[in-house]
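J.: Residue numbers (my numbering), protein chains in the order written: chain A, 1228 to 1535; chain B, 2 to 495. The beta carbon of each residue, even a glycine, is placed where N, CA and C say it ideally should be. Treat the numbers as computed from the prediction; the structure is a model and nothing was measured. Take a look at the following structure, please.
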């Protein structure tokens, strides 16, 4: 609070009590006072009501109603008091430009540039050493501040727990059998032992056998008995691609509406996702259980710099 | 008694002169100056309700079995964060009211900042000497958005967890350092090793609010130091402020407004359900629900991510996910930089280096107003684009059509808005007497049958406007002249 403006340089003329500036804004102050008083009484009653509502139950609507009415009415009363019953003014306050005089500015500049410059120029070695020390401190302090936070990514973004022979299990750990799903059935599966793991989530879909040939070349053996399996992590922002449209055999990401064609290797047909959902090659073993016949051939999920 | 204690304090701190000046500080009267007050008071409510919530919320990803009073969740394995959020809603008295009021207060906080900022922008209140305060304000907006995101992520429910997943992917999309940053932030590959909830918690309840409070202090301090702007009007010049004094008039009005703003927040908190986390369920990285939308202030970013084409860049053994990096990192970066730099962009364009304490009517600055309208249209279009799925459902249109509409609309609509606004401003300026309240003309007939017209009495509110303003300290000292002891020094009659 350093307002140095000379507010009262000469004695101000005293003001008469009947001066219009001192009159309340309201034409009928008594009426305004009555309104404000009623509002404040309502506010008081509201707060009492909140106390009662709290003690006799825990209904958040009664609490909100009583508290809200209390605050609203009290606030209305105080505002009316301020607006209609206090001297209406208007009052005026002078303001002044912020800048100092030219002489003061020159003195300031001189202090910084000449005094500082003189010292620094004469002692370049000390200045340099101070800069070196501070910079080093800044860099080494980043180690605990940033480096301690977490591990380096390393290869983890390229790896999942899917291996050749991994059994497909549901989130409860139940092994998935080849006859578990009807045609058009959908199931989220994980490699056994890693249920619920985010990068390992896979969506298993059973298509009618007639749709199989649309699989991309080299991948015709990746499905079995109409089953195809894709990473459930959207290649856009990593949301689970959880909506399956049966009529069109499309997977839709509910976050940003990327659409993937399940029949044709889950290539994106629409929306912001840039890449197909990576496909998990699956097969069925002699016991009728579904197994992975390999891992993913690329990183799952959204893009990042290290991805080739 | 009061006199004695004030003297006691003044002997030690010398508060009398500055304190008196402060009590006489003049606040101009205009409804639009209350918008910033709404932000201030919702921040007060945020602090109060937030402290309440922090007494019951447990920032932990540990799995426990839920045994609270919400029966559908009974026996389910949930995180402590989720269980405590549900418990403080149902098992703590007034907890649901406080949690919903907290959430509403956050939405209102950011909404009122946005509207307040629009007022400051369109009236030119950011011009010299107030550039600092504009930058402080934009910084608080950014911190507010960040803290809103952190806060709604804490309950660990299905919707907010999806938001955290998206945040990880956005950080991951930054070229060169993205995956490192994401791993450091989350303590490993998504979903991390359980540190993200405690980390978000300490950011949400301590670090970001502390920064906001420091900036808020600076915002108000600068406002007192530089005094308010005011609209043009009778007796108002570049070198004065006309209005009501801090004490008692403004204090009474603003206290009332604090109560009424708080009332609105608590009424919403009690009657308008917000973020019913018990319906969403615990977050699992492989689960998702339909119509996933963030809180309103994140909508423009979500919309930008939706309408972006799938332009991934791949080459030299590296990938730049432009389909994420451009809309989610570069786009907000550009927007916030334009906002922060606007006072300097404008003054460079207008070559106007003068002090400005009188506000512009938006129509008098057609280019600025049109630029602001274009910006609002751009953000509005990206905001609505975050509901493409809901709109397609509601309007029974193909999703593709809705998406393509917005891809064009974000570019075309701002341009149209610019030219239409520019045109409207110029037409308004050309119309004479626009925006002025017209006095009714009273037609009189004299006894000799002559007709004359006179102006009617001013309307009640206008009469006030027509009074000459008087210097501030005058009215407080109601003293006879003989007690005036010298220049500016008066004794108060006791």
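Could you give the DSSP three-state label for residue 296(B): helix, strand or coil?
T.: For this step, residue 296(B) is matched to residue 295 along the second chain. Residue state, collapsed to three classes: coil.
J.: In the structure shown, what three-state DSSP assignment does residue 173(B) receive?
T.: Here the question's residue 173(B) lines up with position 172 in the second chain. Looking at residue 173(B) - three-state DSSP - the assignment turns out to be helix.
J.: Using a beta-carbon distance below 8 Å, is residue 495(B) in contact with chain A?
T.: Translated into the one-based positions of the second chain, residue 495(B) becomes position 494. Below a pLDDT of 50, predicted positions are generally treated as unreliable, and residue 495(B), at 31, falls in that range; no measurement from the model is reported.
J.: Going by Cα to Cα distance, which pick from 1253(A), 1411(A) and 1286(A) is closest to residue 90(B)?
T.: Start at 1 with the first residue of the second chain, and residue 90(B) comes out as number 89. Ranking the options by Cα distance to residue 90(B), first place goes to 1286(A).
J.: Distance, Cα to Cα, residue 20(B) vs residue 1347(A)?
T.: For this step, residue 20(B) is matched to residue 19 along the second chain. For this step, residue 1347(A) is matched to residue 120 along the first chain. Computed Cα separation, rounded: 42 Å.
J.: Identify, in the order they occur along the chain, each residue of the same chain with its Cβ nearer than 6 Å to the Cβ of residue 204(B), setting aside the five sequence neighbours on each side.
T.: The residue given as residue 204(B) occupies position 203 in the second chain. Here the set comprises 151.
J.: Any beta-carbon of chain A closer than 8 Å to the one on residue 187(B)?
T.: The count along the second chain starts at 1 and reaches residue 187(B) at position 186. Answer yes: the Cβ-Cβ gap between residue 187(B) and chain A drops below 8 Å somewhere.
J.: Distance check for residue 393(B) and residue 399(B), CA to CA, integer angstroms please.
T.: Walking along the second chain from the start, residue 399(B) turns up at place 398. Walking along the second chain from the start, residue 393(B) turns up at place 392. Computed Cα separation, rounded: 6 Å.
J.: Kindly list, in the order they appear in chain A, the residues whose Cβ is closer than 8 Å to that of residue 177(B).
T.: Counted from its first residue, the second chain places residue 177(B) at position 176. 1532, listed in chain order.
J.: In chain B, which residues lie with their C-beta within 8 Å of the C-beta of residue 1401(A)?
T.: Reading the first chain from its first residue, position 174 is the one you call residue 1401(A). Result: empty, since nearest Cβ-Cβ is about 15 Å, beyond 8 Å.
J.: Just how far apart, CA to CA, sit residue 169(B) and residue 1380(A)?
T.: Walking along the second chain from the start, residue 169(B) turns up at place 168. Walking along the first chain from the start, residue 1380(A) turns up at place 153. When rounded, the distance between both Cα atoms is 13 Å.
J.: Cα separation between residue 1268(A) and residue 52(B)?
T.: Here residue 1268(A) corresponds to residue number 41 of the first chain, with the count starting at 1. Here residue 52(B) corresponds to residue number 51 of the second chain, with the count starting at 1. Using only the alpha carbons, I get a separation of about 30 Å.
J.: Can you give the Cα-Cα distance for residue 441(B) and residue 235(B), rounded to whole angstroms?
T.: By one-based count along the second chain, residue 441(B) stands at place 440. By one-based count along the second chain, residue 235(B) stands at place 234. Their backbone Cα atoms lie some 20 Å apart in a straight line.
J.: Going along chain C in order, which residues have a C-beta closer than 7 Å to the C-beta of residue 307(B)?
T.: In the structure shown, chain C does not exist; the protein chains are A and B.
J.: For residue 1428(A), which of 1255(A), 1527(A), 1315(A) and 1316(A) has the nearest alpha-carbon?
T.: On the first chain, residue 1428(A) is found 201 positions in, with the first residue counted as 1. Residue 1527(A) is the option with its Cα nearest to residue 1428(A).
J.: Work out the CA separation of residue 1319(A) and residue 241(B) for me, nearest whole Å.
T.: Residue 241(B) sits at position 240 when you count from the first residue of the second chain. Residue 1319(A) sits at position 92 when you count from the first residue of the first chain. Approximately 7 Å between the Cα atoms of the pair.
J.: Listed from N- to C-terminal order along the chain, which residues in the stretch 322-334 of chain B have their beta-carbon within a distance smaller than 7 Å of any beta-carbon of chain A?
T.: From the stretch 322-334 of chain B, only 322, 324 and 325 have a Cβ closer than 7 Å to chain A.
J.: Looking at the secondary structure, which residues open and close the alpha helix (DSSP H) in which residue 497(B) lies?
T.: Since the first residue shown for chain B is 2 and the last is 495, residue 497(B) is missing from the structure and cannot be characterised.
J.: Three or more C-beta pairs closer than 8 Å, one from the stretch 269-277 of chain B and one from the stretch 1339-1358 of chain A: is that the case here?
T.: Taking 8 Å as the limit for Cβ pairs, the verdict is that the stretch 1339-1358 of chain A does not touch the stretch 269-277 of chain B.
J.: Counting C-beta neighbours from all protein chains within 10 Å, is the total for residue 1426(A) 16 or more, i.e. buried, or is it exposed?
T.: For the purposes of this step, residue 1426(A) is identified with residue 199 of the first chain, where counting begins at 1. Residue 1426(A) is buried by the Cβ-count criterion.
J.: Taking the beta strand (DSSP E) that residue 1320(A) belongs to, which residues open and close that run?
T.: Against the first chain, residue 1320(A) aligns to sequence position 93. Here the beta strand (DSSP E) through residue 1320(A) covers 1318-1321.
J.: If you scan the stretch 75-122 of chain B from start to end, which runs of the beta strand (DSSP E) of 3 or more residues do you find wholly inside it?
T.: Counting only runs of 3 or more, we get 78-80.
J.: Determine the extent of the beta strand (DSSP E) in which residue 319(B) is found, giving its start and end residues.
T.: As a first step, residue 319(B) must be located in the second chain, where it is residue number 318. Looking at the DSSP string, the run of the beta strand (DSSP E) that includes residue 319(B) is 319-321.
J.: Report yes or no: is there a C-beta of chain B within less than 8 Å of the C-beta of residue 1349(A)?
T.: Counting from one through the first chain, the residue named residue 1349(A) turns up at place 122. It does not: the Cβ of residue 1349(A) has no partner Cβ on chain B nearer than 8 Å.
J.: Tell me the rounded alpha-carbon separation between residue 355(B) and residue 1481(A).
T.: Position 354 of the second chain, counted from the first residue, corresponds to residue 355(B). Position 254 of the first chain, counted from the first residue, corresponds to residue 1481(A). Whole-angstrom Cα-Cα distance: 53 Å.
J.: Would residue 108(B) pass as an interface residue toward chain A - the criterion being a Cβ-Cβ separation below 8 Å?
T.: Locating residue 108(B) in the second chain gives position 107, counting from the first residue. Not closer than 8 Å to any Cβ of chain A, the Cβ of residue 108(B) fails to qualify, so no.
J.: Could one say the Cβ of residue 14(B) lies closer than 8 Å to chain A's Cβ atoms, at least one of them?
T.: Counting from one through the second chain, the residue named residue 14(B) turns up at place 13. Not closer than 8 Å to any Cβ of chain A, the Cβ of residue 14(B) fails to qualify, so no.
J.: Given a cut-off of 8 Å, decide if residue 289(B) and residue 404(B) are closer than it, judged by their beta-carbon atoms.
T.: In the second chain, residue 404(B) corresponds to position 403, counting from 1. In the second chain, residue 289(B) corresponds to position 288, counting from 1. Contact flag unset, no.
J.: So, using beta-carbon positions, are residue 40(B) and residue 113(B) closer together than 8 Å?
T.: For the purposes of this step, residue 40(B) is taken as residue 39 along the second chain, with counting starting at 1. For the purposes of this step, residue 113(B) is taken as residue 112 along the second chain, with counting starting at 1. Yes, the pair counts as a contact, with Cβ atoms nearer than the cut-off.
J.: Which residue marks the beginning of the beta strand (DSSP E) containing residue 1458(A), and which one marks its end?
T.: In the first chain, counting from the first residue as 1, residue 1458(A) sits at position 231. Where residue 1458(A) is concerned, the enclosing beta strand (DSSP E) stretches over 1454-1458.
J.: State the DSSP-derived secondary structure class of residue 264(B), mapped to helix, strand or coil.
T.: Walking along the second chain from the start, residue 264(B) turns up at place 263. Reduced to three states, the DSSP call for residue 264(B) is helix.
J.: Report, in whole angstroms, the separation of the C-beta atoms of residue 1398(A) and residue 1387(A), which I expect to be a contact under 8 Å.
T.: The residue you call residue 1398(A) lines up with position 171 of the first chain. The residue you call residue 1387(A) lines up with position 160 of the first chain. Wrong, their Cβ atoms sit about 16 Å apart, outside the cutoff.
J.: Go through the stretch 18-83 of chain B residue by residue and report every complete run of the beta strand (DSSP E) that reaches 3 residues or more, in order.
T.: Complete beta strand (DSSP E) runs here, min 3: 64-66 and 78-80.
J.: Just list the residues that DSSP pairs residue 1487(A) with in beta bridges.
T.: On the first chain, residue 1487(A) is found 260 positions in, with the first residue counted as 1. Per DSSP, 1478(A) and 1495(A).
J.: Pick from 176(B), 247(B) and 411(B): whose alpha carbon is nearest that of residue 322(B)?
T.: Translated into positions along the second chain, residue 322(B) becomes position 321. Per the Cα distances, 176(B).
J.: Go ahead and pull the three-state DSSP assignment for residue 1238(A).
T.: Here the question's residue 1238(A) lines up with position 11 in the first chain. With a pLDDT of only 48 at residue 1238(A), under the threshold of 50, the placement of this residue in the model should not be trusted, and no figure is reported.
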